[in-house]
Amino acid sequence: MSLTNEIIKQRLVEKFGDQLTDWVEPYGMLTFTAPKDQNLKVLQFLFDDAELRFQFLTDLQAVHYPAKKGEELAVVYHLHNLVDNVRIRFKVFADVTKPDVFSATAIYQSANWMERETYDFFGVNFVGHPNLIRVLNVDEMDYFPMRKEFPMEEQTRVDKDDAMFGR
Amino acid sequence: MQSTEHIVLPEGSLEKLTTTLNLGPTHPATHGVFQNILEMDGERIQKATSTVGYIHRAFEKIAERRPLYQITPLTDRLNYCSSPINNMGWHLTCEKLLGVETPKRVDYLRIIIMELARISDHLICNSIVGVDSGAFSGFLYLMQYRELIYEIYEEVCGSRLTTNIGRIGGFERNFTNTAFEKLEKFLKEYPVQLKEFENLFLRNRIFMGRTIGCGPISAERALNYGFTGPNLRAAGVDYDVRVHTPYSSYQDFEFTVPVGSTGDCYDRFLVRNEEMWQSLSIINQAYKKVQEFKGTEADIFHADVPAYYLPEKKDVYTKMEALIYHFKIIMGETEIPAGEVYSSVEGANGELGFYLISDGGRTPYRLHFRRPCFIYYQAYPEITKGSMLSDAIITMSSLNLIAGELDA
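Those protein sequences? They're chains A and B, same order as listed. With the numbering used here, the residue at position 102 of the first sequence is 102, and numbering never jumps. With the numbering used here, the residue at position 51 of the second sequence is 218, and numbering never jumps.
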C-alpha cells in the first residue's frame, strides 16, 4: 500500500512532462487528462513500469460533452493496480467530427468489447481495433444513441414548461 | 406454386470443411438470450463468434433522465439472480457521491441481504452446472432454498426477483421479527442441504470427469481479459472487492477468499461452493452483530439524511417537513452535487462498478455500469477453442453468464 497518488503523479510527470493536465482527485481517485495521440503511450507506461504496474483495465467508456467545442467526446479509462490496490482514471478528449482514438486492444484483451461498446454508443473510432463493429445495438443503426443530441423526454429538468407543477 | 430457380449456395460453401452451427439465441442450453455461431469440425469447436445484445434496454440512456431513486429498479435488471447486490451497489455509489454515512446497523443488515443474494446466485450457477453435466437432482435440492431467501427479501422489501430493496441511506423499513425468523430458518436448514449437495458433486467421478480441464484459463489471460469475481479467483488470483476496498463495513468480518488454480469449470464450481459457506459464515456474524443492538439502537434502519431518504408514509401525512421532502424526492427535484465517482461492489459475478458523473443537475449526467459478465464473456471463444460442444455448454453455465447483466 505504499504507492500513493503523489508517487504516481510524480512518475507520470517525470515521463510525460506537462503533456498530462487537469490533475484532480475526486473521491480519492487520481484523475488526469492525456493528449489524444498519447493514450497508448500512457497506458503502456503505466502497464510496464515496475513501480506503477497498472495492469488491470477496470473500465473503459466515453462521455459526451456537446458544449466543449473540439473535444466533445471524452474516453475514460479506469485502471487498477491489483498489487498495491490503487485505482486511477484518465481521460482523452476527441473531436466529435473526427473521433479517432488509438485502440488499447494490443495491451488489454478486455478492451476489445469495451471499445466496441463505446463505438456502438458514442461513435468513437478506435484506430487499430481488430473488429470495430456494433456489439449491443443492431448493425443497421446509423446513429450513436448515447450522444446528447438524441435527447429523451426530460421529466425532471427545470427547463420543462409544465403548467401543472410549475417546472 | 413451384419456383423454377435453383437454390444458389453461398460461395465457398462446398469447399468448406467445417460445419456452421448456430447455438442460440434461444437455445435452452444457453440459459439466456445469446447467440454463438460455432464453426464445428465434427464435435470440436474451431471458432466461436459471440453475438450479444438481444435484451439490450439502454439503461444508461434511461438513467440520464431519472432521479437517483428511480435508477434502483434499473439496476435490479442487470444480474437478476442477485439483484439486491446491484441495488446496494447503486445505493453505495449514491452515498459516496452525496457523502452519506450509514449507521453500523444498516451496514450489517445490508451485508445480510447481500450475502443472501450471493448465495442465491451461486446456488443457481452451481446447480445449473450440475444440470448441464447431467445431474438434475442437485438443482432440485437447492432450488427450494432459494425460495427461503426470496421469502426473506419479500419480508424486507415486498418483492422477490427484481427487489428494488433499500433506499439511499438505508432500508425502506426495519426488518420485522418474521424476517429474522425466516433468516434463522434459512441459516439452520441450508447448511444441511448444501452439505448434501456437496456430497453429490464434489467427489463424484462423472462430474469430475466432465468438469476438470473443461474451459480452463490461466491467471494472466484471465487478468488480461478483465475477469473478476469467482471466475478470476478460480484461476488463482485472490482479488475480491470486499477485501481490497471494503464497503458497507466488510472490514468488521472474518472470512476467507477461496482461490482455485486451473481456472477450469471444476475450480469455478469449488470456488463458488466455498463462497457459499463463507457467505453463510458472514451472515451468521452479521446477524449476531445486529442482535447486539438493543433498545432505540435496534430501531435504526436508515441514515439521517432527510434530503435523500424517502420519509415514512405516516410522517408524510402528519409532518410538514416529511411532506416537503417526500414531494421533492418523488418529483425528482433534489439537486445532486456535481462530481464524478466510481464505486464498485463484489457482485456475484465479479466487480460490479458504477461510474457516475453529475453536473449538479437532478439526474446523472452520465452513468456507466461496469458489468463483469460483459467483460469476461469476451474470453469465451478463446477458452472453448478446440473443446467439444458439450464442454462449451458447461463452460458457458459455469462462467455464470446472465443475459441481463451482459446487455444492460
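Here a beta-carbon is modelled for each residue, glycine too, at the ideal position from N, C-alpha and C.
Please report the straight-line C-alpha distance between B/L399 and B/E518, rounded to a whole angstrom. 10 Å
Nonlocal neighbours in the same chain, by C-beta distance under 6 Å from A/I88, ignoring five residues either side: L30 and L79
Assuming A/N39 is part of the alpha helix (DSSP H), what are its boundary residues? N39 to D48
Find the nearest neighbour of B/R329 within the set B/L265, B/I384 and B/N253, judged by alpha-carbon distance. Looking at the sequence shown, residue 329 of chain B is not Arg but Thr. Cα-wise, what sits closest to B/T329 is B/N253.
Run through the DSSP bridge pairs and tell me what B/M207 is partnered with. B/T186 and B/I212
Mind listing the chain A neighbours of B/L188? Cutoff is C-beta to C-beta under 7 Å, in chain order. The contacting residues do not exist; B/L188 stays about 21 Å from chain A at best.
From the DSSP secondary-structure annotation, give me the bridge partner or partners of A/D59. A/H78
Do you know how far the Cα of B/K183 is from the Cα of B/K214? 14 Å
Does the beta carbon of B/G517 come closer than 8 Å to any beta carbon on chain A? no
Quick check: the Cα distance between A/D59 and A/M114, rounded to an integer number of angstroms? 8 Å
Proximity test, Cβ basis, 8 Å: B/L490 and chain A: no
Distance between beta carbons of B/Y312 and B/Y357, contact taken as under 8 Å: 5 Å
Beta-bridge pairing of B/E534 - partner residues as DSSP gives them: The question names Glu, yet the displayed sequence has Leu at residue 534 of chain B. Answer by DSSP bridge pairing, in chain order: B/L523.
Listed in chain order, which residues of the region 208-237 of chain B have Cβ atoms closer than 8 Å to some Cβ of chain A? V219, G220, H223, A225, E227, K228, I229, E231, R232, R233 and P234
Can you give me the start and stop residues for the beta strand (DSSP E) that A/D22 sits inside? T21 to V24
At a Cβ cut of 9 Å, what residues of the region 25-37 of chain A count as close to chain B, listed as they run along the chain? P26, Y27, M29 and T31
By Cβ distance, which residues of its chain are closer than 8 Å to B/P425, with the 5 residues on each side in sequence left out? R400, L437, V438, E441, E442 and Q445
Please state if the CB of B/E227 and the CB of A/M146 are separated by a distance shorter than 8 Å. yes
Would you say B/H493 reaches chain A, if we count a Cβ-Cβ gap shorter than 8 Å as a contact? no
Rounded to a whole number of angstroms, what is the C-alpha to C-alpha distance between B/A470 and B/Y476? 8 Å
For a contact defined as C-beta to C-beta under 9 Å, what are the partners of B/V508 on chain A? P26, Y27 and M29
Roughly how many whole angstroms lie between the Cα atoms of B/A402 and B/S385? 6 Å
Beta-carbon proximity check, B/I467 vs B/P270, cutoff 8 Å: yes
By Cβ distance below 8 Å, which residues in the same chain neighbour B/A489 in space, the five residues on each side in sequence not counted? P473, P478, E479, D482 and V483
Please decide whether A/F45 counts as near chain B, where near means a Cβ-Cβ distance under 8 Å. no
If you reduce the DSSP assignment to three classes, tell me which class B/E507 lands in. strand
Which two residues bound the contiguous beta strand (DSSP E) that contains A/N125? N125 to V127
Looking at A/G128 and A/F144, is the spacing between their C-beta atoms short of 8 Å? no
Should B/M281 go down as buried or exposed, given a rule of 16 or more other Cβ atoms within 10 Å for buried? buried
Can you round the beta-carbon distance between A/L52 and A/N81 to whole angstroms, since I take them to be within the 8 Å contact cut? 7 Å
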